[in-house]
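Asker: Dropping a structure here in structure tokens format, bear with me for questions.
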Amino acid sequence: MKRKYKIFLLIISLLASSLSGMPAFAATSTIAKSVGNSNPLIDHHLGADPSALTYNGRVYLYMSSDNYEYNSDNTIKDNSFANLKSVNVISSDDMVNWTDHGSIPVAGAYGANSGQGIAKWAGASWAPAATVKNINGKDKFFLYFANSAGGIGVLTADSPIGPWSDPIGKALVTLSTPGMSGVVWLFDPAVFVDSDGTGYLYCGGGIPGDSNPTQAQRANPKTARVLKLGSDMTSIVGSAVTIDAPFMFEDSGIHKYNGTYYYSYCINFSGTHPSNIPAGEIGYMTSSSPMGPFTYKGHFLKNPGVFFKSGGNNHHCVFNLNNEWYVVYHAQTVSQALFGAGKGYRSPHINKLVQNQDGTIQEVAADYKGVSQISNLNPYNRVEAETIGWNAGILTEKCSASGGPVSNQDVTSIHNGDWIAVGNADFGSDGAKTVKANVASTVGGKIEIRLDSVTGSLVGTLDVPSTGGTQTWKEIETTVSNATGVHNVFFVFTGNGSNNLFNFDYWQFSQNSSNNGTTYEAEGDTTFTNAVVETLNLGYNGTGYANFNGYSDAAIQWNNVYCAYDGTKNVKFRYALEKGARNLDVYVNGAKVSSDVSFEATGSWSTWGEKTIQVALKSGSNTLKVVTTGTEGPNIDSITVSAK
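Letter by letter, the sequence shown follows residues 1159 to 1802 in the working numbering.
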């Protein structure tokens, strides 16, 4: 299937080149996610029914595995949902660059997923939902899914990307579960763990009355349910409770805001609707309890056809990342761009969600622009090649290279003119020195590293040799010039022949060594408590130092410690201490990060030594404070925060 999809892309690219008079090696075009836009989130493959899990500053999206279905003449069929047997996973910490974590082979019945399916009893895995809960001091992850419309299953893992296992070997919820009678479609789970650690599962849908429901059945189908989960998150406590969601169709959603519980769902398309419950949109209800009763309040997301031409079902999830609210949903933008009609194949999108002070939710303005990048990318860390802001022509696949994440992927189906790009990589003021990449190939080619566009400034070129196999990996490196500041970075692939040139696992820049960090003086932008600045010329990089000697509960806070991107930094203190040892507590942005950091004697109050600790800083401006834990502390001249 990937081969057919790739051939289609190549034909389009070659036709475009010949029609425009451009040479055949001209850069391939994007499908639906244009450079500068954030929607759709990915376009090298599909993903439907998205659900979000936020964890450690990152959002993970779990999606039904829409894959193209073909007629005998290789034309695209309308989506029958027959391929929804696995769960696609992507994640991001900046909302623009998304890492592809591949597919979880969920369904295992009848040899599904090439016999590698995890849930051996399940024939499908529709509309997944994931959450995390700390159990016995350890974070455990739970992935709920629908076995078509006939039941809800659950998988567990020790990380948000697996590996996953089936803890109970059967469906968690069926139509025989107490309280589930009357549900037409037992699917579309949503999961929520409250602040007290109790878990709740929401599911259901459909309209009773078979093919000829009454207006009353359309208006109040009463097919949505909420169930209380056991402390293990893999069992049910008591009986399911009916949510009387007006004009309920499918797609349960749940979130909590300012102590109020919000149940949201897709409104059905059938019957006569009042103006405040419009067909095919996302409506929401509120309650003071996670199990209701819920009261209908309004709607906040129109059908995707209103924004993106191709309509169809409306599936969403509301989530919070770094104190901002978002909604993720699907639309047929990628398939529409490829085939001129969506044909039911869906891709994920995100826009901001605004909740008013009175508890109502503003209507979402879905669009291709999407949300802005919320943090810069650190190019000096290892970055998976399958971390992609924008791309053209490529696909991803399972990767056997060592050192990568669980279910590591690589970028493949690389041909002349294809490319991948990431948004807002921050090279700092001194810039990059080298770049390395892990590659595998039987053909070889080149990777051009360009800034800001496919034809932008060329800062380095990696020569990719034949490594002896498409999963035989070799790390290559080259020098880089004139890569400073913040840029979109494009990896442009060139080479000869019609076969896959090479596979691409990861990349990483190194920084020019001249940047040893930024020094912040004690007499700079600082705030003191029970300490004074001595103006004697004892500082090596200034004229003052902070004198803690003899002061109890003294503190100095640096008010503007800048960090280009989130990460752990070395913080070096230049200090003097006559004898003994003194301890300080360290605070970053108001939160204590280290207790009783020991400073050993330097021999005198004018003999300066160095003490280095590691602290995690966020992108942008930070505060860093040290506080004495005894009756006195060392004199501190300055701190130096490492560049990386």
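Where is the CB? At the ideal position from N, CA and C, for every residue including glycine.
Could you please give me the residues that DSSP links to F1303 through a beta bridge?
Answerer: In the DSSP output, where bridge partners are listed per residue, F1303 has G1311.
Asker: Could you tell me the alpha carbon to alpha carbon distance between I1546 and N1255, rounded to whole angstroms?
Answerer: 5 angstroms
Asker: Which residue wins for smallest C-alpha separation from G1450, given the options D1516, C1424 and L1359?
Answerer: L1359
Asker: Closer than 7 angstroms by C-beta to N1699: which residues in its own chain qualify, once you throw out the five before and the five after it? Chain order, please.
Answerer: Any reading at N1699 must be qualified, since the residue scores a pLDDT of 39, below 50, and its modelled position is unreliable; the value itself is stated next. Excluding positions up to five away in sequence, the list reads T1677, E1679 and S1796.
Asker: Determine, for P1432, whether the minimum Cβ-Cβ distance to residues of chain C falls below 8 angstroms.
Answerer: In the displayed structure, chain C is absent; only one protein chain is listed.
Asker: Is L1330 helix, strand or coil by DSSP?
Answerer: coil
Asker: Runs of 3 residues minimum, wholly inside the region 1240 to 1280: which ones carry the beta strand (DSSP E) assignment?
Answerer: 1245 to 1250 and 1256 to 1262
Asker: Using alpha carbons as the reference points, say which of L1387, L1211 and T1188 lies closest to I1248.
Answerer: L1211
Asker: With distance defined between alpha-carbon atoms, name the residue in I1552, V1193 and T1188 nearest to K1527.
Answerer: Considering only alpha carbons, the answer is V1193.
Asker: Output the distance between the C-alpha atoms of S1196 and E1681, rounded to the nearest integer angstrom.
Answerer: Rounded to whole angstroms, S1196 to E1681 spans 43 angstroms at the Cα level.
Asker: Determine whether the beta carbon atoms of F1660 and S1587 lie at a separation below 8 angstroms.
Answerer: no
Asker: Express the C-alpha separation of Y1703 and T1693 in angstroms, rounding to a whole number.
Answerer: Below a pLDDT of 50, predicted positions are generally treated as unreliable, and T1693, at 45, falls in that range; the measurement from the model is reported next regardless. T1693 and Y1703: Cα-Cα distance of roughly 7 angstroms.
Asker: Tell me, to the nearest whole angstrom, how far the beta carbon of W1763 is from that of N1741; I am working on the premise that it is less than 8 angstroms.
Answerer: At roughly 18 angstroms, the Cβ-Cβ gap does not stay under 8 angstroms, so W1763 and N1741 are not in contact.
Asker: Within 10 angstroms of the Cβ of P1347, are there 16 or more other Cβ atoms? Answer buried if so, exposed if not.
Answerer: buried
Asker: Assign M1180 to buried or exposed, taking buried as 16 or more other Cβ atoms, counted over all protein chains shown, within 10 Å of its Cβ.
Answerer: Legend: pLDDT at M1180 = 32, less than 50; position of this residue unreliable, value from coordinates given subsequently. With fewer than 16 Cβ atoms within 10 Å of its Cβ, M1180 is classed as exposed.
Asker: Going by DSSP in three states, Q1715 sits in which element: helix, strand or coil?
Answerer: strand
Asker: Since I believe P1318 is in contact with T1392 (beta carbons under 8 angstroms), could you give me their beta-carbon distance rounded to a whole number of angstroms?
Answerer: Not confirmed; about 17 angstroms, so no contact.
Asker: Closer than 7 angstroms by C-beta to I1189: which residues in its own chain qualify, once you throw out the five before and the five after it? Chain order, please.
Answerer: Here the set comprises D1201, V1492, A1495 and L1496.
Asker: In the DSSP assignment, find the unbroken alpha helix (DSSP H) run with R1540 in it and report its ends.
Answerer: That residue, R1540, is in no alpha helix (DSSP H); it is neither H nor E in DSSP.
Asker: Tell me the DSSP secondary structure of S1493 in three-state form.
Answerer: helix
Asker: Residues in its own chain within less than 6 angstroms of R1216 by CB, not counting five upstream and five downstream?
Answerer: S1249 and D1251
Asker: Distance, Cα to Cα, Q1715 vs T1786?
Answerer: Here the C-alpha atom of Q1715 lies approximately 12 angstroms from the C-alpha atom of T1786.
Asker: Would you mind sorting I1607 into buried or exposed? The rule is 16 or more other CB atoms within 10 Å of its CB.
Answerer: That one is buried.
Asker: Can you say whether V1464 is buried or exposed, counting buried as having 16 or more other CB atoms within 10 angstroms of its CB?
Answerer: Exposed is the call here.
Asker: Apart from the five residues just before and just after H1473, which ones in its own chain have a Cβ nearer than 6 angstroms to its Cβ?
Answerer: D1207, D1409 and H1488
Asker: In whole angstroms, what is the alpha-carbon distance linking D1576 and P1198?
Answerer: 19 angstroms
Asker: I'd like to check one pair, V1773 with V1744: are the Cβ atoms closer than 8 angstroms?
Answerer: yes
Asker: On a Cα-Cα basis, can you pick out the residue from V1512, L1782 and G1320 that is closest to S1565?
Answerer: G1320
Asker: In three-state terms, what does DSSP make of P1462?
Answerer: P1462: helix per DSSP, three-state reduction.
Asker: So for A1287, helix, strand or coil by DSSP?
Answerer: strand
Asker: Helix or strand or just coil, what does DSSP make of R1504?
Answerer: Note: R1504 maps to coil in three-state DSSP.
Asker: Counting Cβ pairs, one atom from each stretch, are 3 or more of them under 8 angstroms apart for the region 1224 to 1244 and the region 1615 to 1626?
Answerer: no
Asker: Within a Cβ cutoff of 6 angstroms, which residues of the same chain sit near N1670, ignoring the five residues on either side of it in sequence?
Answerer: D1588, G1589 and K1591
Asker: Decide if the region 1354 to 1368 is in contact with the region 1378 to 1397; the criterion is three or more beta carbon pairs, one per stretch, under 8 angstroms apart.
Answerer: yes
Asker: Any contact between the region 1334 to 1343 and the region 1286 to 1297? By contact I mean 3 or more CB pairs, one from each, below 8 angstroms.
Answerer: no
Asker: Use the C-beta contact count for S1422: other C-beta atoms within 10 angstroms, 16 or more gives buried, fewer gives exposed.
Answerer: With 16 or more other Cβ atoms within 10 Å, it is buried.
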